[in-house]
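> In our numbering, the protein residues as written are 1125 to 1278. Ideal Cβ positions, reconstructed from N, Cα and C, are used throughout, including at glycine. Since the model is a prediction, treat every value here as computed from it, not as a measurement.
#1: Rank 1226, 1218, 1275 by C-alpha distance to the C-alpha of residue 1204 and give the top, closest one.
#2: Are there 16 or more other CB atoms within 10 angstroms of the CB of residue 1192, so buried, or fewer, so exposed?
#3: Quick check: what's the CA-CA separation for residue 1197 versus residue 1162?
#4: Below 8 Å on the Cβ atoms is my contact criterion, and I expect residue 1159 with residue 1138 to pass it. Report the Cβ-Cβ distance as a whole number of Å.
#5: Where DSSP assigns a beta bridge to residue 1195, which residues make up the other side?
#6: Write down the C-beta distance between residue 1258 and residue 1276 rounded to the nearest angstrom, noting that I regard them as a contact closer than 8 Å.
#7: Rounding to the nearest angstrom, what Cα-Cα distance links residue 1188 and residue 1222 in this structure?
#8: If contacts are defined as beta-carbon pairs under 8 Å, then residue 1140 and residue 1155 qualify, I think. What distance do you get, rounded to the angstrom?
#9: Would you kindly work out how many angstroms separate the C-alpha atoms of residue 1252 and residue 1218, rounded to a whole number?
Now the structure itself:
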């Protein structure tokens, strides 16, 4: 019961961070810290030290990869921190599936934004095309949900 509540809380915070990213293109640090705490607590309640240790390794690898992607301008710093926080709730064995779900969700969102902005030729008040960015918190939250869905359905 406690594990389910922690998981629902973590998913709610991830969804909130995704909504915030869509609205402002920023992810608040408090949401990342709250997600990290809930995700790590969930890992402890589900599998004690084994799952928590494995999730910590996943998070450490995610942090290094995220910082490299941030350094080269691929993603924002908030996105790197949010994925790292979510990784604290996913053991290392779930890292590849989570990345797969993230890539699929990012592709779907990218295609939708591409069609919307290019297809409808969205322009600003000066008649110039509007630049757009992908809010990566949305695919991160979707991937976190997808990888945790089996636990929710128990």
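In this structure, then:
#1: Along the chain shown, one-based indexing puts residue 1204 at 80. When only C-alpha atoms are compared, the closest one is 1226.
#2: As a position in the chain shown, residue 1192 is number 68, starting the count at 1. With fewer than 16 other Cβ atoms from the protein chains shown falling within 10 Å of its own Cβ, residue 1192 counts as exposed.
#3: Residue mapping note: residue 1197 aligns to position 73 of the chain shown, counting from 1. Residue mapping note: residue 1162 aligns to position 38 of the chain shown, counting from 1. Cα to Cα, the separation comes out at about 29 Å.
#4: The residue you call residue 1159 lines up with position 35 of the chain shown. The residue you call residue 1138 lines up with position 14 of the chain shown. The C-beta separation of residue 1159 from residue 1138 comes to about 6 Å, placing the pair in contact by the 8 Å criterion.
#5: Translated into the one-based positions of the chain shown, residue 1195 becomes position 71. Per DSSP, none; premise fails for residue 1195.
#6: Here residue 1258 corresponds to residue number 134 of the chain shown, with the count starting at 1. Here residue 1276 corresponds to residue number 152 of the chain shown, with the count starting at 1. Not quite, the Cβ-Cβ distance comes to about 26 Å (not below 8 Å), so this is no contact.
#7: Residue numbering aside, residue 1188 sits at position 64 when the chain shown is read from its first letter. Residue numbering aside, residue 1222 sits at position 98 when the chain shown is read from its first letter. Each residue's alpha carbon lies about 16 Å from the other.
#8: Position 16 of the chain shown, counting from 1, holds the residue named residue 1140. Position 31 of the chain shown, counting from 1, holds the residue named residue 1155. Contact flag correct, Cβ pair sits at about 6 Å.
#9: As a first step, residue 1252 is located in the chain shown; it is residue number 128 there, counting from the start. As a first step, residue 1218 is located in the chain shown; it is residue number 94 there, counting from the start. So the two alpha carbons sit approximately 43 Å from each other.
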